[in-house]
Structure formats: structure tokens, C-alpha cells
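Sequence order for the protein chains is A and B. Using numbering that gives the first Met the number 0, you'd call the opening residue of the first sequence number 0 and step up by one each time. Using numbering that gives the first Met the number 0, you'd call the opening residue of the second sequence number 0 and step up by one each time. Report on the following structure.
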Amino acid sequence: MTMLPWAGVLRSRRGVAAVEFAITATVLLSILFGIIAFASTLYAYNMMEAGVSEAARRMAVAEANYSASNITCGAGASNTAGTAENIACRSLPKWGTYTVNASLNCTSPARDAVVTLTANSSTLALADMYRRIYNTNLVAKATYRREGTCP
Amino acid sequence: MAITVAATLPVVVGFTALGVDASYVYWHRTKLQETANAAALAGSSLLPDSTAAQTAAIAYAQTNMPTGKYGNVLVAADAVSGTWNPSTRVFTSGGANRSAMRVTLRSSTANSNPVRLFFAGIFGYSQMNITASATATFGSYKSWDVIIVQDVTASFSQEIADARTADQTLLSCLKNSMNATSQVGLTTFTGSSQTQRALTAMDTVISAGPPQVKGYDALTTKISQLDYCGTGSPMPSCSGTNIAAGLNAAVSQFTTGYTAGTDSSGKAIILVSDGAPQVNAGMGNYSGTCPSCTDAKLATLATNAANAANAAGVVVHTVYFDRDNNATDRAFLASLARGTGAKALSTPTASQLSSLVFEICATIPRRLVD
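So, in C-alpha cells, the structure goes:
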């Protein structure tokens with residue numbers, strides 16, 4: 000009986016483990032990298048929330064100066080120490096870039112110190128997916144009432 | 000291999016889901032706490048007006064966590080004003096002269112906005128209740144040196160008890176809000192002045208005791224002994240109203256041999272009076288300060304004294320007991336208020352003196368305490 004040339008290959012059980020590994024690794028690694036991406040993004044978001052809150056509070060008690068324009072921070076970008084922007088940005092993870100905006104709204108009766116941080120979606124793992132789903136960037140914003148005089 | 004993976008996959012996915020949900024809840028709790036802090040600080044900044052404080056607290060909670068996205072995190076019943084006892088660290092809601100604001104923010108079934116979980120629903124937990132609370136009150140780590148200049152003329156005879164309450168309210172508020180090196184003093188005046196308690200730090204031990212007496216206790220005693228002039232009391236004798244005498248006696252304490260408390264935030268005179276300067280014949284030329292004296296000359300002297308205080312960096316707050324609804328006198332007392340943030344307050348009701356004085360204490364910055 001003449002055997003087909005590739006029949007032996009089909010019957011061979013060598014390499015089964017490698018093939019199974021290839022298939023299961025796809026699933027396991029997607030889960031693993033998914034966890035890492037999710038965790039890193041959420042960590043960044045948490046630090047953004049904490050940053051804007053602290054910065055707005057410091058502005059509210061007139062301890063921190065601010066610049067009226069948008070400032071890019073993170074990933075090595077620096078800004079003047081002690082400003083609201085610096086306080087908002089200083090604890091952010093370095094793998095992302097962010098845009099920070101601080102403003103003081105003294106139009107009566109409002110006396111709001113507002114700090115907003117927007118994550119650059121291309122630099123944070125899941126922020127881009129978030130932007131595609133919700134059509135908005137990851138934004139952290141805090142508003143505190145300004146104490147004392149509102150210039 | 001495949002079987003092992005298949006068997007462990009539910010566990011892996013389960014823990015992943017747990018991680019996602021847990022970190023989401025943590026994030027939400029951070030957000031809720033930051034919002035609670037903002038709301039408590041905003042609310043407390045409007046105290047002692049409890050209604051305005053509550054409105055502001057709710058407004059700032061909603062600005063930071065919009066209702067469209069997070070539901071109503073702060074309901075009116077959870078935005079409460081009251082007082083804070085710094086030594087027992089206990090918040091008491093309600094009462095007069097409210098100095099503290101406590102907010103409790105909820106993402107929970109109680110407010111119909113529980114945190115919705117992504118995966119834990121598989122195990123029957125589709126939502127979670129979280130709360131965050133914050134308390135803010137008057138408070139500064141700095142010192143503030145204050146001399147109360149109290150009118151004890153005969154016209155104050157009926158209301159001297161209200162004046163005592165007011166002065167004590169101020170003293171208690173200072174003790175609760177500023178650091179213990181803050182110095183306090185009490186000067187009374189009629190036609191002449193008398194220093195009841197010289198400027199002394201609240202925690203300076205005056206008598207080792209027992210019972211130990213500190214600056215604060217000594218002033219409390221002096222305030223409780225306040226009386227109007229004509230009773231043979233240790234007050235200056237009844238002899239007209241010479242505001243300048245009271246102010247000058249206080250200013251000299253700020254200019255001669257004065258050392259500010261630790262980390263000073265300023266010095267102030269709080270003038271509590273019920274009338275404009277008035278000449279009394281018995282005083283002659285007021286120790287040479289006011290030859291052939293008239294009411295107008297005494298008024299000028301008072302204005303000069305307020306200017307001198309201002310020049311020495313002392314803020315002058317005035318509290319006028321406006322018994323007769325006297326617009327001229329009210330305007331004169333108001334004109335004596337000097338310096339950044341100086342308050343000129345008046346009331347026709349003596350029992351309101353305490354809450355007026357409290358408004359001056361309410362200029363102290365706020366801080367989170369709980």
C-alpha cells in the first residue's frame with residue numbers, strides 16, 4: 000500500500016504542545032496585556048483626578064499661581080514649580096502626555112478655581128479606545144471655591 | 000495544555016474582572032472624596048450663613064460630579080452645618096454661630112446612584128454603595144493677635160451681658176481656630192481707658208495653680224467680670240465716650256514691646272461700642288489730649304487713633320450696637336474700620352452682638368478637619 004506523502008505528518012503527534020501553546024497563548028497574553036493596559040490607564044486617570052483636585056485646592060487658597068494658557072505636561076515636559084499646572088502634573092505617570100488648563104472664574108457670584116487635565120489619547124493605552132467609544136478624551140476636572148479675595 | 004488552560008481560564012477571567020471592578024470602585028471613591036473636600040470647603044466658606052453654605056456645598060458637589068453622569072451625590076440632608084470641637088474632634092450639627100460644615104457624599108442606593116460594576120454582576124453583585132465624608136471649619140495654623148476694645152459707658156448698662164457673650168464668642172472662636180500662640184487682650188473705655196487684660200498668648204501660663212491659669216482662662220474671667228461703669232466696679236468711671244482713648248491704649252500694645260505670635264497672620268482691634276464720641280464735663284481736657292473738648296474734637300481724635308492703628312498694621316473692625324437706629328453714629332463707627340478685610344458691622348438688637356462678632360472670626364481661612 001502506497002501511503003500519501005503527508006499522511007505521516009497528519010498522524011504525527013510531535014509538536015502538539017507547541018501548537019496548543021500558540022493558540023492558548025493568544026488568549027492568555029491578550030488577557031495579560033489587557034490587564035496591564037487597563038491598569039496603567041486607570042492609574043494615570045486616578046493620578047489625574049488627584050492632581051487636578053490638589054491644584055484647584057491650592058489655587059482656591061491663593062497658594063498657587065497659574066498661567067492662563069493650556070500647557071502640555073508629562074513625559075518630561077516641565078513647567079514652573081509651584082504653579083497650579085505643576086501641582087496638577089507632578090505625579091502623573093511619565094508614559095503619557097497631558098494638557099493642563101487652570102483658570103480662575105471671578106465673575107460674581109462665581110469664584111471658582113478650575114483645573115482641567117486632558118490625557119493625550121495616543122499616549123495612554125486604553126485612552127484611545129475610550130475616546131472611540133465615548134467620543135471624548137479622558138478628562139479630569141476639579142472646581143474649588145476661591146477663598147478670600149477673588150482678583 | 001489546552002485542558003489546563005480551559006480549566007484555569009474562568010479563574011483568570013474572574014480575577015481580571017475583580018481587578019477591573021475593584022480599581023473602578025477605587026477610582027470612584029477617590030473622585031467622591033475629592034468632591035466631598037471641595038463641597039465641604041466651599042460650603043464652610045459661606046458660614047455662618049447656614050443656608051448659603053448648604054446651597055454652595057451642593058452646587059460644588061454637582062459641579063465636580065455632574066448629576067447627568069453621577070446622579071445626585073449630595074442631598075440637602077447630607078450637607079449639614081454646625082460646630083467642630085477641635086479637642087474632642089466631634090462635629091455637632093445645628094446651633095448658633097456655625098463654624099463647621101460636614102458633607103456626606105453618596106454613590107449608593109439611598110441616592111439612587113450606586114456604582115455600577117462591570118463584571119461582578121456574574122457573581123450577583125451588580126452594584127456597590129460607597130460614601131465619602133468631609134468636614135471643614137475655620138482654621139489656621141497661624142496666629143492672630145487681637146485686642147477687644149469694649150465700650151462700658153453707662154448706656155451699655157442694660158446690654159453688658161450681651162457684650163460679655165459677644166466677647167466670649169470671639170475668644171472661643173479664636174481658641175478653636177488659630178494656633179495657641181495667638182495673643183488676646185481686653186481694653187475697656189468710657190471717657191478714659193483701662194486695660195483689663197494686656198495682650199497675652201492664649202497658652203501662656205499665668206498662674207501655675209492648681210488650678211493652672213493660662214492667658215485664655217484669664218481673659219475669660221475678665222470678660223465674665225465686664226460691667227458698665229457706674230457700679231463701683233473695676234471699670235473706668237462713667238465720663239462720656241472717648242473711643243480714641245480705647246483705641247490708643249490698644250494700639251500702644253501693638254507698637255511698644257510687641258512680639259507677634261508664631262507664624263503671625265496679622266493683628267486686629269475689635270471695637271465694640273454703642274455710640275459716637277461724647278464729651279463729659281467731668282473729664283476736663285481729657286488729660287491734655289482734648290483742650291476745650293467737643294464731641295467733634297473727640298470724633299477727630301478717634302479717627303486719628305484708627306489711622307494710627309492702620310499705620311501700625313493693625314486692622315480695626317467695628318461692631319456697633321445701634322440701639323436708636325442712629326444713621327449718623329452708625330456711619331461714624333463704620334468710618335473707623337480700617338485695613339484689608341476690615342468689617343464694619345452694626346445691629347439694633349444687643350443679643351445679635353455675638354453673631355456680629357462671630358462674622359469677624361469668620362474671616363479666618365477654612366481647612367478640612369475630618
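Using N, Cα and C, we set each Cβ at its ideal position, and we do this for glycine too.
Rounding to the nearest angstrom, what Cα-Cα distance links residue i and residue j in this structure?
i: Ala36/A; j: Ser111/B; result: 32 Å
i: Ala179/B; j: Val204/B; result: 12 Å
i: Met58/A; j: Trp94/A; result: 27 Å
i: Gly153/A; j: Asn64/A; result: There is simply no residue 153/A to check, as chain A begins at 0 and stops at 150 in what is shown.
i: Pro57/B; j: Ala76/B; result: According to the sequence provided, residue 57/B is Ile. The question's Pro does not apply to it. Cα-Cα distance, rounded: 10 Å.
i: Lys221/B; j: Thr168/B; result: 14 Å
i: Ile359/B; j: Thr40/A; result: 47 Å
i: Ala109/B; j: Ala38/B; result: 19 Å
i: Trp83/B; j: Ala336/B; result: 30 Å
i: Tyr143/A; j: Arg105/B; result: 19 Å
i: Ser263/B; j: Met177/B; result: 10 Å
i: Ile121/B; j: Cys149/A; result: 51 Å
i: Thr130/B; j: Gly67/B; result: 19 Å
i: Gly208/B; j: Arg196/B; result: 19 Å
i: Leu352/B; j: Asp161/B; result: 7 Å
i: Ala83/A; j: Ala118/A; result: 17 Å
i: Met47/A; j: Ile268/B; result: 45 Å
i: Asp144/B; j: Leu198/B; result: 8 Å
In chain order, what residues of the same chain have a beta carbon less than 6 Å from the beta carbon of residue i, not counting five sequence neighbours either side?
i: Ser44/B; result: Arg365
i: Thr115/A; result: Asn100, Lys140
Taking Cβ positions only, does residue i come closer than 8 Å to chain B?
i: Val114/A; result: no
i: Ser52/A; result: yes
i: Thr117/A; result: no
i: Asn78/A; result: no
i: Val60/A; result: yes
i: Ala83/A; result: no
i: Ala124/A; result: no
i: Tyr65/A; result: no
i: Phe32/A; result: no
Taking the beta strand (DSSP E) that residue i belongs to, which residues open and close that run?
i: Gly229/B; result: From DSSP, Gly229/B is part of no beta strand (DSSP E); its letter is neither H nor E.
i: Lys93/A; result: First-last for Lys93/A: undefined, no H or E at that position.
i: Val145/B; result: 142–150
i: Cys72/A; result: 70–72
i: Ala131/B; result: 129–137
i: Ala179/B; result: Where Ala179/B is concerned, there is no enclosing beta strand (DSSP E), given that its DSSP letter is neither H nor E.
i: Leu46/B; result: Unbroken run through Leu46/B: none, as it is neither H nor E.
i: Phe320/B; result: 313–320
i: Phe90/B; result: 89–92
Over the uninterrupted alpha helix (DSSP H) stretch that includes residue i, give me the two end residues.
i: Lys296/B; result: 294–310
i: Phe118/B; result: Taken as a continuous stretch (DSSP letters only), Phe118/B belongs to no alpha helix (DSSP H), as it is neither H nor E.
i: Leu173/B; result: 159–176
i: Asp328/B; result: 326–335
i: Leu218/B; result: 214–223
i: Gln61/B; result: 49–63
i: Leu27/A; result: 15–59
i: Lys68/B; result: 66–69
If you drop the 5 nearest sequence neighbours on each side, which residues of the same chain put their C-beta closer than 7 Å to that of residue i?
i: Ala341/B; result: Val314, Val315, His316
Identify whether residue i lies in helix, strand or coil by the three-state DSSP scheme.
i: Trp26/B; result: helix
i: Ile363/B; result: coil
i: Tyr257/B; result: coil
i: Leu162/A; result: The first residue shown for chain A is 0 and the last is 150, placing residue 162/A beyond what the model contains.
i: Tyr143/A; result: strand
i: Leu137/A; result: coil
i: Ala341/B; result: coil
i: Asp262/B; result: coil
i: Leu103/A; result: strand
i: Thr79/A; result: coil
i: Gly81/B; result: strand
i: Val19/B; result: helix
i: Ala200/B; result: strand
i: Ala67/A; result: coil
i: Leu185/B; result: strand
i: Ala99/B; result: strand
i: Leu40/B; result: helix
i: Arg12/A; result: coil
Step through the CB atoms of chain A and report whether any lies within less than 8 Å of the CB of residue i.
i: Gly18/B; result: yes
i: Glu33/B; result: yes
i: Thr62/B; result: yes
i: Ala37/B; result: yes
i: Val314/B; result: no
i: Val356/B; result: no
i: Lys68/B; result: no
i: Lys30/B; result: yes
i: Pro209/B; result: no
What does a CB cutoff of less than 8 Å around residue i pick up in its chain, not counting 5 residues either side in sequence?
i: Glu53/A; result: Ile86, Ala87
i: Arg163/B; result: Ile222, Ser223, Leu225
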